[in-house]
Amino acid sequence: MKSKIWGKYFPTIEFLGNAALILVVTVGGMFVINEKISLGTLVAFNGYMWMIVWPMRLIGWLSNILSQANASAKKIEKIFNEIEEDFKGIELDRIHGSIEFKNVSFKYENEYVLKNINFKIDEGKTLAIMGPTGSGKSTLISLISRFYPIDEGEILIDGINVNDISLNSLRKNISIIFQDTFLFSESVKENIKYGKGNATDKEIINVCKEAQAHDFIMKLPEKYDTLIGERGLGLSGGQKQRLTIARGLLKNAPIIIFDDATSALDMDTEYELLESIYSKEKQNTKIIIAHRISAVKNADEIIFLENGEIVERGNHYELLEQKGKYFEIFKEQFKDFEDLIRDEVI
1 MKSKIWGKYF
11 PTIEFLGNAA
21 LILVVTVGGM
31 FVINEKISLG
41 TLVAFNGYMW
51 MIVWPMRLIG
61 WLSNILSQAN
71 ASAKKIEKIF
81 NEIEEDFKGI
91 ELDRIHGSIE
101 FKNVSFKYEN
111 EYVLKNINFK
121 IDEGKTLAIM
131 GPTGSGKSTL
141 ISLISRFYPI
151 DEGEILIDGI
161 NVNDISLNSL
171 RKNISIIFQD
181 TFLFSESVKE
191 NIKYGKGNAT
201 DKEIINVCKE
211 AQAHDFIMKL
221 PEKYDTLIGE
231 RGLGLSGGQK
241 QRLTIARGLL
251 KNAPIIIFDD
261 ATSALDMDTE
271 YELLESIYSK
281 EKQNTKIIIA
291 HRISAVKNAD
301 EIIFLENGEI
311 VERGNHYELL
321 EQKGKYFEIF
331 KEQFKDFEDL
341 IRDEVI
């Protein structure tokens, strides 16, 4: 809106002001030449013209500032109107990491986006979630951290209903790495340390190696002390995602959730990163949301969501044997590798 106002108003004011100046100089100059007015009168009149033109220009500037202030005020008002979260509940130091969904359903504006979801992940296991866009994958993981209230059913962590656990304890034990990255205008090291404020340099380097970020960081001008632009300006999409993954791993939470966090990585980098994560000791429960088979095939269990429901479940080979939607995606993504398809199915 502000750009529209500024785009229409500013050129008009500039044109009128400059046109008035040209008119005064041209006509006034002719009057001076014909000795109808003195040069001093022309200069004085020109000064009066600028006394009119400048306030008109300031009106345009003020209009732009007011539109920005109005937009900011609406954002602040939205924050003030948010319902205050209830931080009361059971305080847990460190959870083990088992997760169970019992008949969980959730709806936006009276429309169900998750319907009767049931599954259990044991401590240290990996669950992968696949499904088309809008099938409810991100909503499902948002419920674990109580970003939304649960409409029906219950979610248990270590056998305790998440609604009974304090938000501080719950979110302290969960690390969510989203597809959309956010990096601050600080050094690489400081951006990663948001995952753990008191982390040592050794810890930071280790997680960067796990996230396949160490090599490209070492090529930066100041390495880990290199300043990066707001939102990662100057870095590629894959590099930004690797830094965000390193930040999430540094937290070392019992539950780590990857929400399509490797989508900007090439196949080779994604493979090496996930191999590093899968090969870690079974100290973290992992949930991986992805669209590529290569990212989920090594998970202990894979569930396929469609229209908010689990339509297929099993490990990689069990789902291939079912020859359902997962199998169709597998064939599409590996259509250039017929021998691999035949070997995997057999």
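Heads up, the sequence shown is in full-length UniProt numbering, so the first residue is 1 and it goes up one at a time.
Glycine included, every Cβ here is placed at the ideal spot set by N, Cα and C.
Here the structure is a predicted model, which is why all the values come from computation and not from measurement.
Does F31 come out as helix, strand or coil in the three-state DSSP assignment?
Stepping through the sequence shown from its first residue, residue 31 is reached at position 31. F31 falls in the helix class under three-state DSSP.
Taking N252 as the reference, which of L62, K209, L170, K196 has the closest Cα?
The residue labelled residue 252 in the question sits at position 252 within the sequence shown. Cα-wise, what sits closest to N252 is K196.
Inter-residue spacing [alpha-carbon to alpha-carbon] between I95 and S169
As a position in the sequence shown, residue 95 is number 95, starting the count at 1. As a position in the sequence shown, residue 169 is number 169, starting the count at 1. Straight-line Cα distance between these residues: approximately 9 Å.
Name the two residues that bound the continuous alpha helix (DSSP H) containing E332.
Residue mapping note: residue 332 aligns to position 332 of the sequence shown, counting from 1. Element bounds for E332: 325-333.
Residues near E272 in its chain [Cβ-Cβ closer than 6 Å; skip 5 each side]:
Locating residue 272 in the sequence shown gives position 272, where the first residue counts as 1. Once the five neighbours on either side are set aside, the close Cβ partners of E272 are Q212.
For the stretch 219-229 against the stretch 137-149, are there 3 or more C-beta pairs whose distance is under 8 Å?
no
Residue from E275, E318, N191, Y278 with nearest C-alpha to K240
On the sequence shown, position 240 is the one that residue 240 refers to. Of E275, E318, N191, Y278, the residue nearest in Cα terms is N191.
Cβ neighbours of S236 in the same chain (closer than 8 Å, five flanking residues each side left out):
By one-based count along the sequence shown, residue 236 stands at place 236. Hits under 8 Å: A264.
Quick one: complete alpha helix (DSSP H) runs, 4+ long, within the stretch 134-174?
137-144, 167-172
Separation of D164 from D180, as counted between CA atoms:
The count along the sequence shown starts at 1 and reaches residue 180 at position 180. The count along the sequence shown starts at 1 and reaches residue 164 at position 164. Taking the straight line from one Cα to the other gives about 30 Å.
DSSP three-state label for S279, please.
Indexing the sequence shown from 1 puts residue 279 at position 279. In this structure, S279 counts as coil in the three-state DSSP scheme.
Inter-residue Cα distance where the pair is N46 and E35
Counting from one through the sequence shown, the residue named residue 46 turns up at place 46. Counting from one through the sequence shown, the residue named residue 35 turns up at place 35. In a straight line, the C-alpha of N46 is about 17 Å away from that of E35.
Roughly how many angstroms separate the alpha carbons of D260 and I289, rounded to a whole number?
By one-based count along the sequence shown, residue 260 stands at place 260. By one-based count along the sequence shown, residue 289 stands at place 289. Rounded to whole angstroms, D260 to I289 spans 5 Å at the Cα level.
Those runs of the alpha helix (DSSP H) which lie wholly inside the stretch 234-286 and span at least 4 residues:
237-250, 267-278
P254 burial status per 10 Å Cβ neighbour count (16 or more: buried):
Position 254 of the sequence shown holds residue 254. When all chains shown are included, P254 counts as buried.
Alpha carbons only, please: which of E306, N307, S294 is nearest the one belonging to E332?
Position 332 of the sequence shown holds residue 332. Considering only alpha carbons, the answer is S294.
Give the C-beta separation of L305 and I129 to the nearest angstrom, bearing in mind that I take them to be a contact with Cβ-Cβ under 8 Å.
Locating residue 305 in the sequence shown gives position 305, where the first residue counts as 1. Locating residue 129 in the sequence shown gives position 129, where the first residue counts as 1. L305 to I129, Cβ: 6 Å. Contact.
Beta-carbon contacts of S38 that lie in its chain and below 8 Å, excluding the five residues immediately before and after
The sequence position of residue 38 within the sequence shown is 38, counting from 1. The residues are V32.
Which stretch, first to last residue, makes up the beta strand (DSSP E) that contains A128?
Stepping through the sequence shown from its first residue, residue 128 is reached at position 128. Element bounds for A128: 126-130.
State the DSSP-derived secondary structure class of I205, mapped to helix, strand or coil.
Walking along the sequence shown from the start, residue 205 turns up at place 205. Residue state, collapsed to three classes: helix.
Starting from F216, trace the beta strand (DSSP E) both ways and give me its first and last residue.
Within the sequence shown, numbered from 1, the residue matching residue 216 stands at position 216. F216 -> not in any beta strand (DSSP E); alpha helix (DSSP H) instead, spanning 214-218.
Leaving out five residues before and five after S135 in sequence, what residues of the same chain have Cβ atoms less than 8 Å from its Cβ?
Within the sequence shown, residue 135 is the residue found at index 135, counting from 1. These residues qualify, in order along the chain: L305, E306, N307, G308.
Classify T12: buried if its beta carbon has 16 or more other beta carbons within 10 angstroms, exposed otherwise.
Reading the sequence shown from its first residue, position 12 is the one you call residue 12. Exposed, because fewer than 16 other Cβ atoms sit within 10 Å of the Cβ of T12.
According to DSSP, which residues form a beta bridge with L16?
In the sequence shown, counting from the first residue as 1, residue 16 sits at position 16. Per DSSP, none; premise fails for L16.
Buried or exposed (CB count within 10 angstroms, at least 16 for buried), F15:
Stepping through the sequence shown from its first residue, residue 15 is reached at position 15. By the neighbour-count rule (16 or more Cβ atoms within 10 Å), F15 is not buried but exposed.
Could you pull out every residue in the same chain whose Cβ sits closer than 7 Å to the Cβ of Y194, ignoring the five residues on either side in sequence?
Position 194 of the sequence shown holds residue 194. Closer than 7 Å at Cβ, skipping near neighbours: R247.
Short Cβ contact (7 Å threshold) for K137 with G131
Residue 137 sits at position 137 when you count from the first residue of the sequence shown. Residue 131 sits at position 131 when you count from the first residue of the sequence shown. Yes, the pair counts as a contact, with Cβ atoms nearer than the cut-off.
In whole angstroms, give me the CA-to-CA distance for N118 and V311.
The residue you call residue 118 lines up with position 118 of the sequence shown. The residue you call residue 311 lines up with position 311 of the sequence shown. Computed Cα separation, rounded: 11 Å.
May I ask which residues mark the beginning and end of the beta strand (DSSP E) holding I302?
Position 302 of the sequence shown, counted from the first residue, corresponds to residue 302. From DSSP, the beta strand (DSSP E) with I302 extends over 301-306.
Between which two residues does the alpha helix (DSSP H) harbouring N191 extend?
Taking the sequence shown and counting its residues from 1, the one referred to as residue 191 is at position 191. Run containing N191: 188-192, per the alpha helix (DSSP H) assignment.
Coarse secondary structure for N116, derived from DSSP in three states:
Within the sequence shown, residue 116 is the residue found at index 116, counting from 1. N116 falls in the strand class under three-state DSSP.
Anticipated Cβ contact below 8 Å, G314 with E328, distance rounded:
If you number the sequence shown from 1, residue 314 lands on position 314. If you number the sequence shown from 1, residue 328 lands on position 328. Contact doesn't hold; Cβ gap of about 15 Å is too wide.
Quick one: using the 10 Å Cβ neighbour count with 16 as the cut-off for buried, is G40 buried or exposed?
Working through the sequence shown from its first residue, we reach residue 40 at position 40. Flag for G40 reads exposed.
Return helix, strand or coil for L227, following the three-state DSSP convention.
Stepping through the sequence shown from its first residue, residue 227 is reached at position 227. Note: L227 maps to strand in three-state DSSP.
How would you call E270, buried or exposed, if buried means at least 16 neighbouring beta carbons within 10 angstroms?
Counting from one through the sequence shown, the residue named residue 270 turns up at place 270. It counts as buried.
Rounding to the nearest angstrom, what Cα-Cα distance links V207 and I177 in this structure?
Residue 207 sits at position 207 when you count from the first residue of the sequence shown. Residue 177 sits at position 177 when you count from the first residue of the sequence shown. Those two C-alpha atoms are separated by around 14 Å.
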